[in-house]
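Mapping of the sequence shown onto the numbering used here: position 91 corresponds to residue 157, and the numbering continues sequentially without gaps. The beta carbon of each residue, even a glycine, is placed where N, CA and C say it ideally should be. A quick note: this is a predicted structure, and the numbers were derived from the prediction, not measured.
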Amino acid sequence: MHRFKDLEIWKSSRKFCSEIYNITSNFPDSEKFGLTNQLRRASVSVPSNIAEGCSRSSNKDFSRFLEIAIGSIYEIETQLLISFDLGYINQVKLDELCFNLDRIVKMTSKFRSSLI
Numbered sequence: 067m068h069r070f071k072d073l074e075i076w077k078s079s080r081k082f083c084s085e086i087y088n089i090t091s092n093f094p095d096s097e098k099f100g101l102t103n104q105l106r107r108a109s110v111s112v113p114s115n116i117a118e119g120c121s122r123s124s125n126k127d128f129s130r131f132l133e134i135a136i137g138s139i140y141e142i143e144t145q146l147l148i149s150f151d152l153g154y155i156n157q158v159k160l161d162e163l164c165f166n167l168d169r170i171v172k173m174t175s176k177f178r179s180s181l182i
């Protein structure tokens, strides 16, 4: 078992989640149940799945939760691209967020490969 609070992937994804909450607070009210909700739910899913995976008794189970977290990251990236298309975020912010997502994916993938 791993202590999720000690994992850099959990710390980074938790920080990213907070950033998503801050950014989506500026989205139009009409997106409250659309992109705002979807982005927030997907971003919460990443550190949550990492934490839940830590509780599993086998590395295989933990690896599966990391795989789910990576899937949520790609969901977030898609939703951010749509947010950009709709003019809710600018290119600079999109690039910054996608860079951070890519870093989290790489860290998570590398950690996941060490479990197998």
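Residue i (DSSP reduced to helix, strand or coil)
i	result
residue 107	helix
residue 172	helix
residue 159	helix
residue 100	coil
residue 73	coil
residue 94	coil
residue 182	coil
residue 154	coil
residue 80	helix
Residues near residue i in its chain [Cβ-Cβ closer than 7 Å; skip 5 each side]
i	result
residue 174	75, 132, 135 and 136
residue 139	112, 167, 170 and 171
residue 108	138, 141, 142 and 145
residue 104	145
Distance, residue j Cα to residue i Cα
i	j	result
residue 123	residue 69	12 Å
residue 91	residue 158	18 Å
residue 117	residue 128	9 Å
residue 156	residue 71	32 Å
residue 82	residue 120	19 Å
residue 145	residue 94	15 Å
residue 164	residue 142	9 Å
residue 115	residue 79	10 Å
residue 153	residue 84	21 Å
residue 86	residue 182	31 Å
residue 176	residue 110	21 Å
Same chain only: Cβ atoms within 8 Å of residue i, ignoring 5 sequence neighbours per side
i	result
residue 101	90, 93, 145, 148, 149, 152 and 154
Cutoff 6 Å; reference residue i; Cβ partners in own chain excluding five residues on either side
i	result
residue 125	181
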